[in-house]
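Novice:
2 protein chains.
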Amino acid sequence: MNIAALQAIALSVRSLTIDAIQKANSGHPGMPMGAAELGAYLYGVELKYNPKDPKWLNRDRFVLSAGHGSMFLYSLIHMAGFDLSLDDIKAFRQVGSKCPGHPEYGRTPGVETTTGPLGQGIATAVGMAIAERKMMAHFNTPGHQILDHFVFALAGDGCMMEGVASEACSLAGHLGLGNLIVYYDSNHISIDGPTDITFSEDVGRRFEAYGWQVLRGSMYNFEDIASLTAEAKAEKDRPSLIILDSIIGKGAPTKQGTSSVHGSPLGDEEARKTKEGLGIPLDKPFWVAPEAYSYFKEHQGELEKEYDAWQLRFEAWQKANPSLAQELTIWLSGKEMHKLDMPSFAVGDKVATRNASGKCLAAISTAWPNFIGGSADLTNPNVSQLPQNTDGTPLVFSKTNPMGRYIYFGVREHAMAAIANGIALYGGLRPFVATFLVFSDYLRPALRLSALMRLPVIFVLTHDSIYVGEDGPTHQPIEALAALRAIPNLKVLRPADAEETSASWKIAMERLDGPTVLVLSRQNLPVLEKHESDWSSKIRLGAYVVKDSDRAPEVTLVGSGSEVSLAISAAEIVKSKRHETAIRVVSVPDRGAFYASCPTVREIILSPGSKVFVAEAGVAQGWERIAPSDQILSIERFGESGPGDKVAEYLGFTAQTLARMILAKLD
Amino acid sequence: MNIAALQAIALSVRSLTIDAIQKANSGHPGMPMGAAELGAYLYGVELKYNPKDPKWLNRDRFVLSAGHGSMFLYSLIHMAGFDLSLDDIKAFRQVGSKCPGHPEYGRTPGVETTTGPLGQGIATAVGMAIAERKMMAHFNTPGHQILDHFVFALAGDGCMMEGVASEACSLAGHLGLGNLIVYYDSNHISIDGPTDITFSEDVGRRFEAYGWQVLRGSMYNFEDIASLTAEAKAEKDRPSLIILDSIIGKGAPTKQGTSSVHGSPLGDEEARKTKEGLGIPLDKPFWVAPEAYSYFKEHQGELEKEYDAWQLRFEAWQKANPSLAQELTIWLSGKEMHKLDMPSFAVGDKVATRNASGKCLAAISTAWPNFIGGSADLTNPNVSQLPQNTDGTPLVFSKTNPMGRYIYFGVREHAMAAIANGIALYGGLRPFVATFLVFSDYLRPALRLSALMRLPVIFVLTHDSIYVGEDGPTHQPIEALAALRAIPNLKVLRPADAEETSASWKIAMERLDGPTVLVLSRQNLPVLEKHESDWSSKIRLGAYVVKDSDRAPEVTLVGSGSEVSLAISAAEIVKSKRHETAIRVVSVPDRGAFYASCPTVREIILSPGSKVFVAEAGVAQGWERIAPSDQILSIERFGESGPGDKVAEYLGFTAQTLARMILAKLD
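Residue numbers (this note's numbering), protein chains in the order written: chain A, 33 to 699; chain B, 33 to 699.
As structure tokens, then:
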């Protein structure tokens, strides 16, 4: 190791951090200044990457879980030769910049995931490590190792306090992810002050309890970092936590080691004194040590050699394994590998959409051998099990069976979703996760990041309304659907029957630029006869006419999921009481798409001139766009424990009530 | 200990559990059957309670964190003599029953909190233990201990896996809550199968790392349970985890020890065989062993003696400490103790509503000495600090200062909210918690339980929109406000300026039947001159006219928070371009109340005949009720990192855009 060069790199991280944050007058200098040495070591020595090919398959993944320390990443990415200029750094935290306040996936080359909300990065890194294990098992051959990189993450005290990190690290220990190495920047400072005001647990011991290897050293000793990292890499059966004692904002003479340096610019005076103390020229803003640039220039040559060697290995692998190579191409494309043969259902049959979904999973897992996922300990209720492998190999992903594709996530919804993000980010695999709709609250922060990063993660959310029944209000979603529909980039599909479920799964699998939620019923629903024969194309516009009248409708009844058959029943009741009523029933499996479709489409479907009524087994919020609130039958309170139909009656959520509402408006 | 009687009680728990679940044809027999012995010990020996006074101040609190095992609780509550009959148990899981599927607070005497969503109960118990420590410190005197009970919880594997439990238990260890005793029903089975498929960590070691005392024993040895509990109670400085090895569904001959007994009725055949094996008469459904009833009858006598002795202690305490006694009465009422003297603000001043809120906190903490809370490591950004105590005692609640009233929750949003629920449930204290609005996602499952239980918890959620600025999309709420407004029973207040903030805090403090969210700005907002002098009463209806025209308005501009001043600016622009335009501006700090108010109120405020426009720095969802979607200026995408005003410009969310939208509709 060229210690002098690494010191120059660390010094430059501090220099760029100070100036970028001073210029933006906003940012978090504490972490990059405190952990600059680790950054120098990682980008200068440890990590395998190619700045000219930032998506290189076998690159080491590095996740900055402490995302507020984004200048750590930007400084190093810049010096290491990625397409990130000093001018980009000078635009830190400005609109349109490649250096936004927190690292954003897709915005900056070399940024592997969006971080900032604490705990997410480390859980996402667990997902990447799972993905690598699976991909290694599938594609490496005895003769050719095309995947042998590591997943590194850097986490701070905040990440260690978040529950999502606890969940993910417990699972990582269980799965024995020896390819995962987490550095813990232990600076004992959080925003509110020293961590001892609230966080006095023994983190190392906790991780040992999870089954991790735990190592300890100093952030400011390169030999330490190198030897601990080597030890971590040598441990193949356990993930490693390397606890590095550090000083937040190291180098700031009066502020280092205090919470004041966590999230605010140093200020002119302190910045000047810091530079003086460290030997950063005062007259050269955004200064980078020439030794840092020259070191990286040379280092790039070495990295390129490794990269070229890998290319040769890869080509040899391709030659030796042509069908595997073709498979890899298809896996990486996200497309199906075999013809998709979705199940069909008979009109009139009664099938819970969760069960229909279960049948779809079998078809999908055949068409996409890279389909991988599981449930947060609700496999049977979610009907999320995948079919057993036909070759007799075990289905479940585990320490001893990395070929597996079903993951038992345990009762860890939040980590499950963040792990799915990591799997999606890794590439090559198509992740899905499952839980009850009401527990989407538990995984919402990770789901938000899916949406923000536009990752193709699929969320199977069953037990979608009060029809859950006996489990009662804690398990009956009321506000969950509205809350999910509010999230940008998230496709929320709520199929009305088994056929729509099958069509929804197809849409979800074809969608590669964002997450999709499938909202499914616990209870049986009749497979509907559809008025429009091209309904399965039309639902891509969000809605279609499921039942129509032979005349221009007086009434248009709108709903999704189980409310579509409820609307059909209500229509029957209305017609039995007021024979001449012309009623149309519209299914809206994708309200977002429907609202986003062109106004003419909406107008035609809703039949201009008709009175529009909506039924929703949850809050009305958002449906007022197409119907006056007194024409929406909704549930604006929490549910009740009892058989589903009794609960519905008790809450007045029945076809009879809807029919009465309609009749009252017609008379 | 009368072991025979305890065995009879345990047997009766199994009997009632089997029959109630068979009759309902729905429920979770595994946990009550597996942990019946602990239940017998707790209700038969350990717990201090009075079934005739279930709210007795000094009762031991018992939280069934594994809430799916509700029949555990109902069986014992029934036998122990609370107002819960066998007929109630026969109505298990029926609409309106006192025995809903999961325990529901307020529905059943002796049920201390609503549980079911895993991890919540244990975190809530931590809150109760914090509350007791604080109340003990405040009200016990050297001569009189009116509070000396314990907080017990029973948690299963699922609870141990949930992140919220990890967060809460880490904090409990830090705070040294020796009054908290958690039994871990370690049956090694979850829904998906044996826990070793996903959960192989050493839970005991993890809790030791948190600073807990960890004890181990068998679920089926009463002596074990008793001696371990004694040991736990003797440890004053650390919470205790008692790990009890158990067999899920114990007694069911073919199903015990398997996941099939977790969440489904035993079935006729297995139920019969279980009863035969255990010696439960087959011909007596809902059988309770006579020895169980007679034991409890006698035990009630002993408990009453303890209760009566406490009453004497309490009376002596009252006599010796009349002002403290008066204080306790007021604390328990939830009302203010001293005159509330809210801060005033000058019209035209520019004040961030988070800063206005900070000033209110000072006034509130004087009026309510029982006001207690804190932030998830964002004290300064949330401006959630309370003023220092005037008597010089330390402000912060800690192991050594249980008198404290400010809690450093650490980066543990989810546990923070669940703990606040526990504090509110305990009674006597008025809890508040704080974080960024965007991180309300992290605490949403606990917030939902606040709303479901109608607990008076106050959530201070600052940094309420894209005006957060540089921190970027991970920190800029877009969908959060809509998602919160969708939750039943939750009051969401988004004040437009400092004065409205003050009024909102008053409303929040006066509200005792549900949680309140205060949504506050990071950026400065002008203190508005209000057209309606009685605005502060009117906002109880949700909305008021902040600025009016001298004629019937052509245009009504509606918004909340920072969008009210944006609307005022837009009105100026419109009038500068189209002089005659009559514009009204309406502030809607409480959309829920506004929508719930009578139609006439809404009509008058929105001025019939005027065109209604809305501005919302987030998704439009829910505003379509009062304005067509092309008259709503909203943000339907994630934000952007940059100075707040630049981000707003970039997203087209400005007074100019709003003015253009209005002018286009008028011409």
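Backbone N, C-alpha and C fix where the C-beta goes; we use that ideal spot for every residue, glycine too.
Give the straight-line distance between the Cα atoms of Ser198/B and Ile229/B, rounded to the nearest whole angstrom.
Specialist: Computed Cα separation, rounded: 20 Å.
Novice: Please check if any C-beta of chain A sits within less than 7 Å of the C-beta of Gly674/B.
Specialist: By this cut-off, Gly674/B is an interface position.
Novice: Measure the Cβ-Cβ separation of Val644/A and Ile667/A and say whether it is below 7 Å.
Specialist: Their beta carbons are not under 7 Å apart, which means Val644/A does not touch Ile667/A by this criterion.
Novice: Could you tell me whether any Cβ in chain B is nearer than 7 Å to the Cβ of Ser102/A?
Specialist: Taking Cβ atoms only, chain B never reaches closer than 7 Å to Ser102/A, which makes this a no.
Novice: Can you check whether the CB of Ile162/B is closer than 7 Å to the CB of Phe171/B?
Specialist: The answer is no: Cβ separation not under 7 Å.
Novice: I want to verify the contact list: residues of chain B whose CB lies under 7 Å from the CB of Ala241/A, in sequence order.
Specialist: Per Cβ cutoff of 7 Å: Glu233, Asp234, Arg237, Arg238 and Ala241.
Novice: With H, G and I counted as helix, E and B as strand and the rest as coil, what does DSSP make of Val235/B?
Specialist: Reduced to three states, the DSSP call for Val235/B is helix.
Novice: Any idea which residues DSSP pairs Arg93/B with across the strands?
Specialist: Note: Arg93/B sits in a beta bridge opposite Val183/B.
Novice: Hey, is the segment 411 to 419 of chain B in contact with the segment 113 to 121 of chain A, meaning 3+ C-beta pairs nearer than 8 Å?
Specialist: As far as the Cβ criterion goes, the segment 411 to 419 of chain B does not touch the segment 113 to 121 of chain A, which means the pair count is below three.
Novice: Can you pull the chain A residues whose beta carbon is under 9 Å from the beta carbon of Arg716/B, in chain order?
Specialist: No answer is possible for residue 716/B: it lies beyond the span of chain B, which begins at 33 and ends at 699.
Novice: Of all the CB atoms in chain B, is at least one closer than 7 Å to the CB of Glu144/A?
Specialist: Not one chain B Cβ lies under 7 Å of Glu144/A.
Novice: Go through its chain and collect everything with a Cβ distance to Leu314/B's Cβ below 6 Å, but skip five positions before and after it.
Specialist: These residues qualify, in order along the chain: Lys307.
Novice: Taking the alpha-carbon of Gly236/A as reference, which of Asp217/A, Gly225/A, Ile223/A and Arg476/A has the nearest alpha-carbon?
Specialist: Of the listed residues, the one whose Cα sits closest to Gly236/A is Asp217/A.
Novice: Does the distance from the C-beta atom of Cys191/B to that of Ile223/B stay below 7 Å?
Specialist: No. Outside cutoff.
Novice: Could you list the residues in the segment 198 to 211 of chain A with a C-beta less than 8 Å from some C-beta on chain B, going in chain order?
Specialist: Answer in chain order: Ser198, Glu199, Ser202, Leu203, Gly205 and His206.
Novice: Is Gln508/A buried or exposed, if buried means 16 or more other CB atoms sit within 10 Å of its CB?
Specialist: Under this definition Gln508/A is a buried residue.
Novice: For Asn414/B, which three-state DSSP category applies?
Specialist: Here Asn414/B sits in helix by DSSP.
Novice: Measure the Cβ-Cβ separation of Val143/B and Ala187/B and say whether it is below 7 Å.
Specialist: Their beta carbons are not under 7 Å apart, which means Val143/B does not touch Ala187/B by this criterion.
Novice: Using the beta-carbon of each residue, which ones in chain A are nearer than 9 Å to Ala67/B?
Specialist: Chain A residues near Ala67/B: none, gap ~18 Å exceeds 9 Å.
Novice: I'd like to know if the segment 231 to 248 of chain A and the segment 462 to 482 of chain B are in contact, where contact means that at least 3 CB-CB pairs between them fall below 8 Å.
Specialist: As far as the Cβ criterion goes, the segment 231 to 248 of chain A does not touch the segment 462 to 482 of chain B, which means the pair count is below three.
Novice: Using the C-alpha atoms, what's the distance from Leu487/B back to Lys80/B?
Specialist: Approximately 24 Å, taken between the alpha carbons.
Novice: When you compare each of Met693/B, Ala691/B, Ile694/B and Arg669/B to Tyr682/B by their alpha carbons, which one comes out closest?
Specialist: Comparing Cα-Cα distances from Tyr682/B to each of Met693/B, Ala691/B, Ile694/B and Arg669/B, the minimum goes to Arg669/B.
Novice: Run down chain A in chain order and give the residues with a C-beta less than 8 Å from the C-beta of Arg517/B.
Specialist: Near Arg517/B (Cβ distances below 8 Å), the residues of chain A are Gln653.
Novice: Taking Cβ-Cβ distances shorter than 7 Å, what residues in chain A pair up with Val4/B?
Specialist: Past the edges of chain B, shown from 33 to 699, lies residue 4/B, and the structure says nothing about it.
Novice: At a CB-CB cut-off below 7 Å, which residues of chain A make contact with Phe441/B?
Specialist: In chain order: Thr230.
Novice: Using a Cβ cut-off of 9 Å, pull out every chain A residue sitting near Val383/B, in sequence order please.
Specialist: Under the 9 Å cutoff, chain A gives no residues; its nearest Cβ is about 21 Å from Val383/B.
Novice: Going by CA-CA distance only, name the one from Tyr252/A, Thr261/A, Phe254/A and Ser202/A that's closest to Glu233/B.
Specialist: The shortest Cα separation from Glu233/B among Tyr252/A, Thr261/A, Phe254/A and Ser202/A belongs to Ser202/A.
Novice: Give the secondary structure of Gln245/A by DSSP, where H, G and I count as helix, E and B as strand, and everything else as coil.
Specialist: Strand, per DSSP.
Novice: If I follow the unbroken beta strand (DSSP E) through Ala466/B, where does it start and stop?
Specialist: That run of the beta strand (DSSP E) goes Arg462 to Phe468.
Novice: So, Gly504/A versus His134/B, is the Cβ gap smaller than 7 Å?
Specialist: Yes, Cβ-Cβ distance for Gly504/A and His134/B is below 7 Å.
Novice: Since Tyr327/A is in the beta strand (DSSP E), which residue starts that stretch and which ends it?
Specialist: Looking at the DSSP string, Tyr327/A is not in any beta strand (DSSP E); the run it does join, the alpha helix (DSSP H), is Pro322 to Ala352.
Novice: Could you tell me how far apart the beta carbons of Gly624/B and Lys523/B are, in whole angstroms, since I believe they sit closer than 8 Å?
Specialist: Correct: roughly 6 Å between the Cβ atoms.
Novice: Is the shortest distance between the beta-carbon of Leu48/A and the beta-carbons of chain B less than 7 Å?
Specialist: False, the Cβ-Cβ gap to chain B never drops below 7 Å.
Novice: If you count every other CB in all the chains shown that lies within 10 Å of the CB of Ile53/A, and 16 or more means buried, which is it?
Specialist: Ile53/A is buried by the Cβ-count criterion.
Novice: Along the segment 506 to 538 of chain B, where does the CB come closer than 8 Å to a CB of chain A? Name the residues.
Specialist: Correct list: Thr506, His507, Ile510, Glu511, Ala514, Ala515, Arg517, Ala518, Ile519, Pro520 and Asn521.
Novice: Going by CA-CA distance only, name the one from His176/A, Gln288/A and Glu330/A that's closest to Ile221/A.
Specialist: Comparing Cα-Cα distances from Ile221/A to each of His176/A, Gln288/A and Glu330/A, the minimum goes to Gln288/A.
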